[in-house]
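Remarks on the structure that follows.
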Amino acid sequence: MKLSYKKLWVKLVEEDMKKTEFAKKAGISSASLAKLGKGANITTDLLLKICEYLKCDIGDIVEVVPDDTTDESKEPK
18 MKLSYKKLWV KLVEEDMKKT EFAKKAGISS ASLAKLGKGA NITTDLLLKI
68 CEYLKCDIGD IVEVVPDDTT DESKEPK
């Protein structure tokens, strides 16, 4: 399983806010913004900072999705 930040990007579009503008206003570094863009892991502190800025819950900006690759040994037979 991995995290997807697609909901965050949708929320920014709904707010008519560019990613760089969002990062600057929310106090997020360009490195953290790059991690979000790549779907990489980020800290819960950063998630909470984003939620505080957007006045939302974590579930409004993140969702858990299956990995792209499947482990055949874990599939039911």
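Residues in the sequence shown are numbered consecutively from 18, following the working numbering. In this text, a Cβ means the ideal position worked out from N, Cα and C, and glycines have one as well. These figures come from a predicted structure and were not determined experimentally.
Distance between beta carbons of Leu63 and Ser49, contact taken as under 8 Å: 6 Å
Of the listed residues Val82, Asp85, Glu80 and Cys73, nearest to Glu32 (C-alpha basis): Cys73
C-beta contact flag for Ile75 and Tyr22 at 8 Å: no
Proximal residues to Ala51 (C-beta, below 6 Å), its chain only, five neighbours per side dropped: none
Which of helix, strand or coil DSSP assigns to Lys19: strand
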